[in-house]
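So the number in this note's numbering is just where the residue sits in the sequence shown, counting from 1, plus 15.
Data first, discussion second: the structure below is written as structure tokens.
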Amino acid sequence: MDKEYLINEKPAKALAVFTVPMIIGNLFQQFYTMADSVIVGRFVSEDALAAIGASYSFTNVFICIAIGGGVGASVITGHYLGARNYKKMIQSATTALISFLILSILLAAIGLMFGRDFMTYLNTPENILDMATDYLHIYFWGLPFLFMYNVISAIFNAVGKSRIPLYLLIFSSLLNILLAVFMVYNLGLGVRGAAWATFIAQGVSVLLSVLLLIREFKKYASYLQTPFDSSSLSEMSKVALPSILQQSTVAIGMLLVQSVVNSFGSEVLAGFSSAMRVESICVVPMAAIGNAMSSYTAQNLGAGKAERVRKGYHAANQFIILFAVFTCVILELFHTPIVRLFLGGGGTQLAYETGTGYLRFMGFFFVLIGLKMSTDGLLRGAADMKMFTIANFANLTIRVVMAVTLAPRFGIAMVWYAVPIGWLTNYIISYLQYRTGKWKAAFD
Numbered sequence: 016m017d018k019e020y021l022i023n024e025k026p027a028k029a030l031a032v033f034t035v036p037m038i039i040g041n042l043f044q045q046f047y048t049m050a051d052s053v054i055v056g057r058f059v060s061e062d063a064l065a066a067i068g069a070s071y072s073f074t075n076v077f078i079c080i081a082i083g084g085g086v087g088a089s090v091i092t093g094h095y096l097g098a099r100n101y102k103k104m105i106q107s108a109t110t111a112l113i114s115f116l117i118l119s120i121l122l123a124a125i126g127l128m129f130g131r132d133f134m135t136y137l138n139t140p141e142n143i144l145d146m147a148t149d150y151l152h153i154y155f156w157g158l159p160f161l162f163m164y165n166v167i168s169a170i171f172n173a174v175g176k177s178r179i180p181l182y183l184l185i186f187s188s189l190l191n192i193l194l195a196v197f198m199v200y201n202l203g204l205g206v207r208g209a210a211w212a213t214f215i216a217q218g219v220s221v222l223l224s225v226l227l228l229i230r231e232f233k234k235y236a237s238y239l240q241t242p243f244d245s246s247s248l249s250e251m252s253k254v255a256l257p258s259i260l261q262q263s264t265v266a267i268g269m270l271l272v273q274s275v276v277n278s279f280g281s282e283v284l285a286g287f288s289s290a291m292r293v294e295s296i297c298v299v300p301m302a303a304i305g306n307a308m309s310s311y312t313a314q315n316l317g318a319g320k321a322e323r324v325r326k327g328y329h330a331a332n333q334f335i336i337l338f339a340v341f342t343c344v345i346l347e348l349f350h351t352p353i354v355r356l357f358l359g360g361g362g363t364q365l366a367y368e369t370g371t372g373y374l375r376f377m378g379f380f381f382v383l384i385g386l387k388m389s390t391d392g393l394l395r396g397a398a399d400m401k402m403f404t405i406a407n408f409a410n411l412t413i414r415v416v417m418a419v420t421l422a423p424r425f426g427i428a429m430v431w432y433a434v435p436i437g438w439l440t441n442y443i444i445s446y447l448q449y450r451t452g453k454w455k456a457a458f459d
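Below is the structure:
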């Protein structure tokens, strides 16, 4: 297919071709953490599952920073591709790789030094604190791999090569599962075995992705003059920094929510962790459509085709409604066996009630996060970051305030009652900004 198909093909077809490999790839990316949870939950203990769940909210802060960096690289690289400015396209890609490699090393050092202190601050139950800390330390050694993979994947997506990250994810996810089973079940390494499996799989994946990126960009080698360009970093930062701020602020807010959940004990934490893993799978299509809208918007605005962005937005929302209906049906019919996949037959009644209660409630509301993500994706792709940031901050504030103030008084269910309210608020703010049409001139 034409490398500029996001600009030239019919909007619905272009988004479908771009999004489907990304959905499959993101599903396999979720299998990284999901495999850890399933394997330790079934082969080690409910406490081991809770330990990984307690670690997840903290590691998610760093994941969100990596994703935010990838967004900046993707939007600017896609914009220059649409404008056929290949010199700036290459410079933005190489500048992103160098910048986020340095940042990842600094953040890894912080995580290694203060990981246990943070877990203690988050009210992590004492009986799982050591396991959670062990998992975190190994995770932070592999943080540069995580950053490099996300930025490289974003660059591939920006230039319309979303199948390459897909193939890498399939390979590395399967490798991760095999290694995790071997290290946890056969070698008896417990939570540390799951962490080492992820470390190795991500490392191999990054090595392959670097080699493939070099091969892909050989055709543009004549345009590369300097691998690091301060003006490219400045342009990227205008998109990346607000996105990182939004992503990491939400993640930090969810840390506060996690501290509330932790205070209910390891049984509730195990059930909540299993439900959150399932939620992360359910939002994959929505997130992929949002990311696709970013690349689609960036390329079409770069090519001066703003009207195609509106048509693509309408097509994206139709896809979201289909995914939301399918997700709702699956969760309402199969919530118990899904939670059992994580907890096994040895899970406590309280853990099951927590996990199934969350999923049955949330099944009706995934359409809201889908509409939010497609609208946010359009604004992000247009580099219209002000209202994007405000909308996401409002979402976060609602979720944190309701969890912190109401859950201790009325029960754990208050944590998830706040979620759709936050999603709806975010969508309304972003949609009103979309309706103004100001995003068309955001790159100017």
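Beta carbons: idealized from backbone N, C-alpha and C, even for Gly.
Count the other CB atoms, across all protein chains shown, that sit within 10 Å of the CB of residue i; report buried if there are 16 or more and exposed otherwise.
| i | result |
| --- | --- |
| M301 | buried |
| P423 | exposed |
| I229 | exposed |
| F403 | buried |
| V344 | exposed |
| K234 | exposed |
| T148 | buried |
| T451 | exposed |
| A456 | exposed |
| F425 | exposed |
| F341 | exposed |
| T420 | exposed |
| M128 | exposed |
| K103 | buried |
| L203 | Here residue 203 is Gly; the residue named in the question, Leu, does not match the sequence. Per the 10 Å Cβ criterion, exposed. |
Are the CB atoms of residue i and residue j nearer to each other than 9 Å?
| i | j | result |
| --- | --- | --- |
| A318 | L64 | no |
| P180 | S224 | yes |
| L158 | G130 | no |
| P514 | Y311 | Because the chain spans 16 through 459 in this model, residue 514 falls outside it and cannot be assessed. |
| G6 | D391 | The structure shown does not extend to residue 6, since the chain is modelled only from 16 through 459, so no value can be given for it. |
| V52 | R292 | Residue identity check: residue 52 is Ser in the sequence provided, not Val. Cβ atoms of S52 and R292: closer than 9 Å. |
| I82 | N165 | yes |
| A307 | A50 | no |
| T369 | T351 | no |
| L271 | A433 | no |
| F349 | F381 | no |
| G87 | L256 | yes |
| S281 | D62 | yes |
| G84 | F171 | no |
| I167 | L118 | no |
| I54 | A195 | yes |
| F160 | Q217 | yes |
Nearest-angstrom Cα distance between residue i and residue j?
| i | j | result |
| --- | --- | --- |
| S187 | S274 | 31 Å |
| F197 | Q45 | 20 Å |
| M16 | G396 | Since pLDDT at M16 reaches only 48, below the 50 mark, its modelled position is unreliable, and no value is offered. |
| L30 | A212 | 34 Å |
| I22 | L365 | 52 Å |
| H329 | G437 | 23 Å |
| L111 | A123 | At residue 111 the sequence reads Ala, which differs from the Leu that was named. Rounded to the nearest angstrom, the two C-alpha atoms are 18 Å apart. |
| I405 | T412 | 10 Å |
| L439 | K387 | 8 Å |
| F155 | K320 | 42 Å |
| V276 | I427 | 7 Å |
| Y101 | Q314 | 13 Å |
| S107 | R99 | 13 Å |
| I215 | I185 | 15 Å |
| L316 | S309 | 11 Å |
| T139 | N407 | 27 Å |
| F133 | R325 | 44 Å |
| I384 | V298 | 8 Å |
| T109 | L189 | 29 Å |
| I39 | A169 | 15 Å |
| I336 | V199 | 39 Å |
| E141 | F279 | 12 Å |
| D464 | S60 | One cannot answer for residue 464 here, as it falls past the ends of the chain, which runs 16 to 459. |
| Y182 | N332 | 27 Å |
| N75 | R323 | 34 Å |
| Y460 | V415 | Because the chain here runs from 16 to 459, residue 460 falls outside it and cannot be looked at. |
For my contact list, residue i and residue j are in at a C-beta cut-off of 8 Å; report their separation, rounded to the angstrom.
| i | j | result |
| --- | --- | --- |
| R207 | I143 | 14 Å between Cβ atoms; not a contact. |
| S289 | A173 | Between A173 and S289 the Cβ distance is about 34 Å, and since that is not below 8 Å, they are no contact. |
| Y150 | I67 | 6 Å |
| Y20 | V32 | 6 Å |
| L356 | R375 | In fact, because the Cβ distance is near 16 Å, the residues do not count as touching under 8 Å. |
| W431 | M377 | 6 Å |
Within 8 Å: the Cβ of residue i and any heavy atom of the ligand NAP?
| i | result |
| --- | --- |
| L204 | Of the ligands one can find in the structure shown there are none, so the ligand NAP has no counterpart to examine. |
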